[in-house]
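Protein chains: 2
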Amino acid sequence: MSVNIVIDTLGGDNGAPVCVGGAVKGLKENPDVKLFLTGRKTELDQLLSKYKYDRNRIEVVDCSEEITCHDAPVEAVKTKKDSSLVVGLTLVKEGKADAFISAGSSGAVLAGGSLIVGRAKGVKRTPLAPLIPTTEGMSLLIDCGANVDAKPEVLVQFAKMGSIYMENIVGIKNPKVAIVNIGTEEEKGNALVKETFPLLKACTSINFVGSIESREIPFGKADVILTEAFVGNVILKLYEGLSKMILKEIKGAMTSTVRSKIGALMTKKSLKATLSSFNASNKGGAPLLGMKGLVVKVHGNSKEEEIISAIRQCRNFVETDVSGKIIRGLRDEGTVRE
Amino acid sequence: MSVNIVIDTLGGDNGAPVCVGGAVKGLKENPDVKLFLTGRKTELDQLLSKYKYDRNRIEVVDCSEEITCHDAPVEAVKTKKDSSLVVGLTLVKEGKADAFISAGSSGAVLAGGSLIVGRAKGVKRTPLAPLIPTTEGMSLLIDCGANVDAKPEVLVQFAKMGSIYMENIVGIKNPKVAIVNIGTEEEKGNALVKETFPLLKACTSINFVGSIESREIPFGKADVILTEAFVGNVILKLYEGLSKMILKEIKGAMTSTVRSKIGALMTKKSLKATLSSFNASNKGGAPLLGMKGLVVKVHGNSKEEEIISAIRQCRNFVETDVSGKIIRGLRDEGTVRE
Chain G
1 MSVNIVIDTL GGDNGAPVCV GGAVKGLKEN PDVKLFLTGR KTELDQLLSK YKYDRNRIEV
61 VDCSEEITCH DAPVEAVKTK KDSSLVVGLT LVKEGKADAF ISAGSSGAVL AGGSLIVGRA
121 KGVKRTPLAP LIPTTEGMSL LIDCGANVDA KPEVLVQFAK MGSIYMENIV GIKNPKVAIV
181 NIGTEEEKGN ALVKETFPLL KACTSINFVG SIESREIPFG KADVILTEAF VGNVILKLYE
241 GLSKMILKEI KGAMTSTVRS KIGALMTKKS LKATLSSFNA SNKGGAPLLG MKGLVVKVHG
301 NSKEEEIISA IRQCRNFVET DVSGKIIRGL RDEGTVRE
Chain V
1 MSVNIVIDTL GGDNGAPVCV GGAVKGLKEN PDVKLFLTGR KTELDQLLSK YKYDRNRIEV
61 VDCSEEITCH DAPVEAVKTK KDSSLVVGLT LVKEGKADAF ISAGSSGAVL AGGSLIVGRA
121 KGVKRTPLAP LIPTTEGMSL LIDCGANVDA KPEVLVQFAK MGSIYMENIV GIKNPKVAIV
181 NIGTEEEKGN ALVKETFPLL KACTSINFVG SIESREIPFG KADVILTEAF VGNVILKLYE
241 GLSKMILKEI KGAMTSTVRS KIGALMTKKS LKATLSSFNA SNKGGAPLLG MKGLVVKVHG
301 NSKEEEIISA IRQCRNFVET DVSGKIIRGL RDEGTVRE
């Protein structure tokens, strides 16, 4: 079986060079993968000429337009028909590719995914579900996308999709699902959580463990962290901002005196391994689940490693047929069990 | 002017000893303060006998009951009439004390504040507003309390109360107010944010600077971080959990080898100053704003320093008449300006 993946080479902070480097290395690691690179042909051909690779396995698709983070997402997707993002997503829509990877504007990837690729049958909304680092490994934070003010039955679907993803892609058997709440007692929460809680409890196809307070998230108390998109977005960005702030402050403190500078050098090797667990490189991108094909958003400042990791993630996703499992999972169960 | 403050000596993780120690030291620092200690008289008298202090300035109020974090808050407040919490809040209600400090159950402090002390005239809801550490100092996170699913006009009141608090207690002139959002463009957000945004923009008594994404919160981009209580609670607890997790992982890494252990010792002094900014000791407690008196919740595991800091905070609050300023501020402005 061959897995066809599109890489959008425009829109990311580091441009086409990291996409091309990641693509060539990703090909070597995954012999069953074929790649489409959407972007500026002249630039891509020049970058590719520096590498040795099987020319039958990379196809460059020339595009004259680029969608940036300054564009209004929906409008950009509708008007910039020859952008690397729209052309790439169209390849997925037409069945020529199974998956699409982009480091471009989150809003445009979300909008393009919905408008061009479209939802799979039975899927109410398509969540954006990144993996976040914890002391136990990683957890799936679902949803961080554009589905603000979602309804309880939508959250139940997200819980199912997240469970299927964690079981098949991350390899966690019977993943624990918890809903983000402001207390652990069942009667706690806002209206949405109170309505969703009993539906999750009644859902036999997931391993629902109850509420999780945000202070427990970094300690890996659940594998699937279920929440409405506004709260998910706040959690994801605070994770990012607070990690960055604390590491910066610590680095500043450690290099503030000659004595501490020498000490910092001595701890550097041990610290580096820990700090690397706070960057997203090895975690792959955030998938938009429940689409007709796979759409993966990688971080704007992704480097080659993130692209390689996202290629691996897409291959696993297709080979284990996560899309099919999600569609069948939602169909077999009905969308909500009472 | 004398400022009368109640300290609830039961309910906290560290019991009466830290409350008594903090009380005696707080008295020395604040000559205009008088204290009531509510709790077990025998224990309190014994603890107090170890210190030299002006006996006219501390009054012990004997209570036979204790509210714990295992009690259902509202029921406990209604039934445990002789608890240190209820007796203490009643002293505020009766005007015998100006302020109340407790390290007990958050839920019970919130419930007791509302049920016993009550809201000031014109106040729709009473927010819980802790200070959180940032690279620039600290910001007020309002609301983290029990007002989930609040309405837009309630958030506008919170913005005003938060501004008055930051200006008078923390001493920040014309504090910047931002609303937590999932993007910085005005059209972003959930229904609540979209409805609240124009009301804040039209509010002339605050310095509204627009939306803030959670990744910017740790960098002190605003002085008053306005959000609905569910989201505020998630931010507060994630701040706590993630800081704890990162510091633990770093400590582990730094002491993983002999070489890194020596390095860790050399950086210890410099690091300590930085790490101390992540604990709440110097920040005082979280006030419940808009009450007829001041109710301050300090962290469950508060030590003497937190009690001293909370006493200082209460004295400033009373001396600068923040309650009066809040009531007049809400009255003069109307509750919402269009």
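Protein sequences appear in the order of chains G and V.
First residue of the first sequence: 1, per my numbering; consecutive thereafter.
First residue of the second sequence: 1, per my numbering; consecutive thereafter.
Just so it is clear, CB atoms sit at the ideal spot from N, CA and C, and this is done for glycine as well.
From the DSSP output, in three-state form, read off residue i for me.
i, result
"Ile235 of chain G", "helix"
"Thr38 of chain V", "strand"
"Pro390 of chain G", "A question about residue 390 of chain G goes unanswered here, because the residues of chain G that appear run from 1 up to 338."
"Ser96 of chain G", "The identity of residue 96 of chain G in the sequence shown is Lys, whereas the question assumes Ser. Three-state result, Lys96 of chain G: coil."
"Asn316 of chain V", "helix"
"Val298 of chain G", "coil"
"Asn168 of chain G", "helix"
"Ile307 of chain G", "helix"
"Ile327 of chain G", "helix"
"Glu185 of chain G", "coil"
"Arg119 of chain G", "strand"
State yes or no: is the C-beta of residue i within less than 8 Å of the C-beta of residue j?
i, j, result
"Ile179 of chain V", "Leu236 of chain V", "no"
"Val177 of chain G", "Val224 of chain G", "yes"
"Asn14 of chain G", "Lys303 of chain G", "yes"
"Ser214 of chain V", "Gly183 of chain V", "no"
"Lys93 of chain G", "Val86 of chain G", "no"
"Tyr51 of chain G", "Val74 of chain G", "no"
"Leu330 of chain G", "Gly122 of chain G", "yes"
"Ile67 of chain V", "Gly11 of chain V", "yes"
"Ala76 of chain V", "Leu47 of chain V", "no"
"Arg352 of chain V", "Val3 of chain V", "For residue 352 of chain V there is no data in the structure shown, the boundaries of chain V being 1 and 338."
"Asp98 of chain G", "Gly285 of chain G", "no"
"Gly137 of chain G", "Gly232 of chain G", "no"
"Arg339 of chain G", "Leu91 of chain G", "The structure shown does not extend to residue 339 of chain G, since chain G is modelled only from 1 through 338, so no value can be given for it."
"Glu228 of chain V", "Leu192 of chain V", "yes"
Among the options, which residue has its Cα nearest to the Cα of residue i?
i, options, result
"Gly162 of chain G", "G:Lys248, G:Ile142, G:Ala310, G:Arg215", "G:Ile142"
"Met291 of chain G", "G:Gly285, G:Ala310, G:Phe317, G:Ser323", "G:Ser323"
"Lys96 of chain G", "G:Lys34, G:Lys244, G:Gly11, G:Gly171", "G:Lys34"
"Arg259 of chain G", "V:Val258, V:Thr257, V:Ile262", "V:Ile262"
"Asn301 of chain V", "V:Asp62, V:Lys78, V:Cys69, V:Asn56", "V:Cys69"
"Leu44 of chain V", "V:Arg55, V:Val20, V:Glu29, V:Lys28", "V:Val20"
"Leu199 of chain V", "V:Pro175, V:Ala159, V:Leu89, V:Ala72", "V:Ala159"
"Ile359 of chain G", "G:Gly26, G:Pro287, G:Pro31", "One cannot answer for residue 359 of chain G here, as it falls past the ends of chain G, which runs 1 to 338."
"Thr126 of chain G", "G:Arg55, G:Leu289, G:Glu65", "G:Leu289"
"Glu195 of chain V", "V:Thr204, V:Ser205, V:Asn181, V:Asn207", "V:Asn181"
"Gly107 of chain G", "G:Val298, G:Lys325, G:Ile308, G:Glu319", "G:Val298"
Would you please verify whether the beta carbon of residue i is less than 8 Å from any beta carbon of chain G?
i, result
"Ala259 of chain V", "Residue 259 of chain V is actually Arg in this sequence, not Ala. It does: the Cβ of Arg259 of chain V has a partner Cβ on chain G nearer than 8 Å."
"Ile182 of chain V", "yes"
"Asp13 of chain V", "no"
"Ile246 of chain V", "yes"
"Arg215 of chain V", "yes"
"Ser243 of chain V", "yes"
"Val209 of chain V", "no"
"Tyr51 of chain V", "no"
"Ser323 of chain V", "no"
"Gly95 of chain V", "no"
"Met254 of chain V", "yes"
"Glu240 of chain V", "yes"
Beta-carbon of residue i versus every beta-carbon of chain V: anything under 8 Å?
i, result
"Pro73 of chain G", "no"
"Thr135 of chain G", "yes"
"Pro218 of chain G", "yes"
"Gly329 of chain G", "no"
"Asn147 of chain G", "no"
"Asn56 of chain G", "no"
"Glu249 of chain G", "yes"
"Thr90 of chain G", "no"
"Met266 of chain G", "yes"
"Glu338 of chain G", "Note that Glu338 of chain G scores 33 on pLDDT, short of 50, meaning its location in the model is unreliable; the coordinates nonetheless yield the value given after this. No - not a single Cβ of chain V is within 8 Å of the one on Glu338 of chain G."
"Ile225 of chain G", "no"
"Lys176 of chain G", "no"
"Val234 of chain G", "yes"
Could you tell me which residues DSSP pairs with residue i in its beta bridges?
i, result
"Glu59 of chain G", "G:Phe36"
"Thr9 of chain V", "Thr9 of chain V pairs with nothing; no bridge assigned."
"Val177 of chain V", "V:Phe208, V:Val224"
"Pro133 of chain V", "V:Met138"
"Asn4 of chain V", "V:Lys34"
"Ser102 of chain V", "V:Asp8, V:Lys297"
"Ser83 of chain V", "V:Glu65"
"Leu265 of chain V", "In DSSP, Leu265 of chain V forms no bridge with anything."
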